[in-house]
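A.B. asks: Sharing a structure below in structure tokens format, with a few things to ask.
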Amino acid sequence: MLLTQYLFQADKPLKTTIRNYTEADFNELIDIQKECFPPPFPSDLWWSEDQLGSHIRHFPQGAICAEINGEIAGSITTLIITYKGQDHTWEEITDNGSIVTHDPHGNALYVVDISVRPKYRKTGLGKLLMQSLYHLVVELKLESVLGGSRMPGYERVKDKLTPEHYVESILNGERKDPVVTFLMKAGRTPVKLLPDYLDDPESANYGLLMEWKNPFFEKTK
Ligand SMILES: CC(C)(COP(=O)(O)OP(=O)(O)OC[C@H]1O[C@@H](n2cnc3c(N)ncnc32)[C@H](O)[C@@H]1OP(=O)(O)O)[C@@H](O)C(=O)NCCC(=O)NCCS
């Protein structure tokens with residue numbers, strides 16, 4: 000994948016390149032994880048060099064980063080899975096982020112992680128990274144993009160709202176969540192809640208499975 004276009008930050012054009020990441024990018028990708036997932040997010044869930052090496056060995060096409068002004072500004076990492084409606088955790092579906100579970104014959108592109116460096120947020124970069132997956136599912140003739148969204152606004156209200164009501168209040172516009180709302184704006188729609196999805200205190204360990212259906216997908220069987 001190679002795509003170059005402009006994003007805007009306070010009217011300043013930012014020339015942005017979307018490309019696959021390689022070993023030369025690992026140190027910067029790990030730095031971005033530290034900036035994106037501060038405590039209380041568990042630091043043992045940040046990428047390690049071993050995991051990043053495994054991504055580019057198993058599915059190099061699905062390991063994507065954005066470069067702005069010669070630095071890595073964000074990344075999105077995926078694998079292919081066979082999805083038949085099964086409940087799952089992040090750990091089991093991604094083999095704890097190593098993507099050894101990647102199945103080239105599967106039907107869905109699954110998002111392991113999306114991270115945008117704080118200084119490049121709200122420029123449309125997250126959306127652009129997500130759109131790069133829509134290109135990929137169309138090219139690979141897969142059925143959908145899927146992934147469990149964090150819902151980091153939930154912990155603060157969990158004593159008054161069930162997770163179902165929390166999601167409902169986002170969908171009907173009563174409140175916003177930093178990740179669920181972002182994903183909705185980037186084209187994803189909710190499928191179902193996944194309890195104990197990830198060790199993620201801010202989300203009370205919930206994930207919200209969200210999808211984007213490939214409009215060009217044709218069932219062959
Ligand atoms: C979530 C994240 C990737 C968003 O990246 P981003 O580059 O800032 O997002 P964009 O600029 O593309 O935003 C797209 C839309 O979502 C909205 N949005 C982004 N962050 C938002 C937030 N915190 N709250 C509400 N809306 C938000 C933007 O305003 C924009 O709306 P618009 O289309 O109406 O202009 C980024 O905040 C991040 O890296 N977070 C930490 C890591 C993380 O939790 N990743 C999710 C793992 S499941």
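In terms of numbering that gives the first Met the number 0, the sequence shown has 36 at position 37, counting the first letter as 1, and numbering is strictly consecutive. Positions of the beta carbon are idealized from the N, C-alpha and C atoms, including for glycine.
(1) Go through its chain and collect everything with a Cβ distance to residue 15's Cβ below 8 Å, but skip five positions before and after it.
(2) My guess is that residue 61 and residue 135 are in contact by the Cβ rule of under 8 Å, so how many angstroms apart are they, rounded?
(3) Within 10 angstroms of the Cβ of residue 23, are there 16 or more other Cβ atoms? Answer buried if so, exposed if not.
(4) Have a look at residue 178 and residue 35 and give me their C-alpha separation to the nearest angstrom.
(5) Which term fits residue 59, buried or exposed, when burial requires 16 or more other beta carbons within 10 angstroms of its beta carbon?
(6) Secondary structure at residue 141, three-state DSSP: helix, strand or coil?
(7) Do the region 25-41 and the region 94-108 make contact, defined as three or more Cβ pairs closer than 8 Å?
(8) According to DSSP, what are the bridge partners of residue 7?
(9) Taking buried to mean at least 16 other C-beta atoms within 10 Å of its own C-beta, is residue 193 buried or exposed?
(10) On the DSSP bridge assignment, give the partners of residue 191 in chain order.
(11) For the region 44-60 against the region 164-180, do three or more pairs of beta-carbon atoms, one drawn from each stretch, fall closer than 8 Å, so that the two count as touching?
(12) Quick check: the Cα distance between residue 29 and residue 114, rounded to an integer number of angstroms?
(13) Keeping to the same chain, check which residues put their C-beta closer than 7 Å to that of residue 137; ignore five residues upstream and five downstream.
(14) How close, in whole Å, do the beta carbons of residue 158 and residue 88 come, if the pair is a contact with beta carbons under 8 Å?
(15) When the Cα atoms are used, what is the spatial distance from residue 156 to residue 191?
(16) Would you please state the rounded distance, in angstroms, between the beta carbons of residue 77 and residue 108? I believe it to be under 8 Å.
C.D. replies: To lay it out plainly:
(1) The sequence position of residue 15 within the sequence shown is 16, counting from 1. Hits under 8 Å: 3, 4, 5, 6, 65, 66, 67, 72, 124, 127.
(2) Position 62 of the sequence shown, counted from the start, is the residue given in the question as residue 61. Position 136 of the sequence shown, counted from the start, is the residue given in the question as residue 135. So it is a contact: roughly 7 Å between Cβ atoms.
(3) Mapped onto the sequence shown, residue 23 falls at position 24. The residue is exposed, with fewer than 16 neighbouring Cβ atoms inside 10 Å.
(4) Residue mapping note: residue 178 aligns to position 179 of the sequence shown, counting from 1. Residue mapping note: residue 35 aligns to position 36 of the sequence shown, counting from 1. So the alpha carbons of these two residues sit roughly 12 Å apart.
(5) Walking along the sequence shown from the start, residue 59 turns up at place 60. Looking at its Cβ environment, which holds fewer than 16 other Cβ atoms inside 10 Å, residue 59 is exposed.
(6) Here residue 141 is taken as the residue at index 142 of the sequence shown, counted from 1. Reduced to three states, the DSSP call for residue 141 is coil.
(7) No, they do not touch.
(8) In the sequence shown, the residue the question calls residue 7 occupies position 8. Here residue 7 is bridged, per DSSP, to 12.
(9) As a working note, residue 193 is residue 194 in the sequence shown. Buried.
(10) Here the question's residue 191 lines up with position 192 in the sequence shown. Residue 191 pairs with 208.
(11) The region 44-60 is not in contact with the region 164-180.
(12) For the purposes of this step, residue 29 is taken as the residue at position 30 of the sequence shown. For the purposes of this step, residue 114 is taken as the residue at position 115 of the sequence shown. Distance between the alpha carbons of residue 29 and residue 114 is about 10 Å.
(13) For the purposes of this step, residue 137 is taken as residue 138 along the sequence shown, with counting starting at 1. Same-chain partners within the cutoff: 213, 215.
(14) Numbered from its first residue, the sequence shown carries residue 158 at position 159. Numbered from its first residue, the sequence shown carries residue 88 at position 89. Wrong, their Cβ atoms sit about 24 Å apart, outside the cutoff.
(15) Counting from 1 along the sequence shown, the entry for residue 156 is found at position 157. Counting from 1 along the sequence shown, the entry for residue 191 is found at position 192. Here the alpha carbons of residue 191 and residue 156 stand approximately 19 Å from one another.
(16) Along the sequence shown, one-based indexing puts residue 77 at 78. Along the sequence shown, one-based indexing puts residue 108 at 109. Right, the Cβ-Cβ distance comes to about 5 Å (below 8 Å), so this counts as a contact.
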